[in-house]
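Report on the structure given below.
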Amino acid sequence: MVHFNKIIDYNTFIGYKKPKKELIDVVRYDDCNDLRLSCSGLTSDFYMIAFKQNMSDLKWFGNTEYDSKSGFLYFIKPGQVHQWEVQEAWTGYHILISPLLLQEYNIDFSFLQYEINEALFLSKDEQLQIENLYMQLYDEYQKDTYELEILIAYCNLIFTHVVKFYKRQFYSREPLYNKIVVEFKKELNTYYVENENRLPTVHYFAEKLNLSTNYFGDLIKNHTGKTPSEIIQNKIITEAKQRLRSTEKTIAEIGYDLGFEYPTYFTRFFKKLTDYTPSEFKINKLR
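Going by the UniProt record's numbering, the sequence shown opens with residue 1, and the numbers climb by one from there.
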């Protein structure tokens, strides 16, 4: 496994041109004549936002029967392992950008934390829009007098389109994702059978379903209108009410069984979501 903390070294290894800046680079693959066609694994300190065409083995990127076989985007975060093996060089563009630059310009999009196999597969119209934006970004980057603020503005515009297109992908894959929603609720309903004394988390269910936490969260929100956190919290309240009604355990014991380390945490959580305390619920038999 090789790791790169400088874009220039990363580019040299794969066969891209020398970057014009230290913290951001825009690459057009057609400009590169000797791309490395295989790599057993590398990591870097940068985000990569890649728009690619003519790639083989699209299932590795998460392509399904509901998606086109044309262009797609995928994202690599700092420290994430990236590996590939192809027969022919790909076409398209990518942006390499430092987390420092994203922080400086307050850029934060959920999809930047997706896994490679959670790629965005574009419709023909979407592909044209993305390709045009990358082309304009690349043209600006090639100018001797380019402005960093304009590059960042193009990045933000591309990222905003990505969010919009992911929403379309979530809906177009509805038959597939309905199964994930059902499985999530099934896992949630049986959670406390095997996980007494531990609060359920979004990360736990995302891992169970082999999805990144952010992709899982966005998928569930798009299909249910609620975040996984909201659904999990409602389940905890339902479970708490059932136990408060049916057991003789103290409120502290029930809170501990549900995964709350301290009784005050349980009381605070319960009141926030129901407007009354566990004690009030238990004494007055509220619903």
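In this text, a Cβ means the ideal position worked out from N, Cα and C, and glycines have one as well.
- Note that the stretch 85-99 touches the stretch 26-37; at least 3 beta-carbon pairs, one per stretch, sit closer than 8 Å.
- Listed in chain order, the beta strand (DSSP E) elements of length 3 or more contained wholly in the stretch 7-55 are 24-28, 38-44, 47-53.
- Look at L211 here: in three-state DSSP terms it is coil, with no helix or strand label.
- Taking I49 as the centre and dropping the five residues before and after it, the same chain places the C-beta of F75, I95 closer than 6 Å to its C-beta, in chain order.
- Per DSSP, reduced to three states, the secondary structure at V193 is helical.
- Annotated as distal: G92 and Y191, with beta-carbon spacing of 8 Å or more.
- Contact annotation: the stretch 240-247 does not touch the stretch 136-145, with fewer than three C-beta pairs closer than 8 Å.
- Taken through DSSP and simplified to helix, strand or coil, Q80 comes out as coil.
- Secondary structure at V86: coil, using DSSP grouped into helix, strand and coil.
- The three-state secondary structure of T250, taken from DSSP, is coil.
- Under DSSP, no beta-bridge partner is assigned to G255.
- Rounded to whole angstroms, the Cβ separation of L219 and F159 is 18 Å, and the two are not in contact under 8 Å.
- The three-state secondary structure of T145, taken from DSSP, is coil.
- When only Cα atoms are considered, F165 and D31 end up about 27 Å apart.
- By the 16-neighbour rule on beta-carbons within 10 angstroms, E126 is buried.
- For T267, the uninterrupted alpha helix (DSSP H) segment begins and ends at 263-274.
- Within its own chain, the residues whose Cβ lies closer than 7 Å to the Cβ of M55, once the five positions on either side in sequence are excluded, are V86, W90, listed in chain order.
- In terms of CA proximity to S70, K52 leads the group G79, V81, K52, Q80.
- Residue pairing by DSSP places I158 opposite no residue, since no beta bridge is assigned to it.
- Per DSSP, the continuous alpha helix (DSSP H) segment holding L102 begins and ends at 99-104.
- Note that the C-beta distance between I130 and L122 is below 8 Å.
- Here F111 carries a helix assignment [DSSP, helix/strand/coil].
- Taking 8 Å as the cut-off, the beta carbon of P200 is found no closer than this to the beta carbon of L209.
- Ranking Y16, L157, R268, V181 by CA distance to the CA of I107 puts L157 first.
- When secondary structure is reduced to three states using DSSP, G217 falls in the helix class.
- Linking Y276 to F111 through their CA atoms gives a straight-line distance of about 37 Å.
- Across the set W60, Y134, P99, the C-alpha of P99 shows the shortest separation from the C-alpha of K77.
- In the three-state reduction of the DSSP assignment, L120 falls in the strand class, which pools E and B.
- R198 is classed as exposed because its beta carbon has fewer than 16 other beta carbons within 10 Å across all chains shown.
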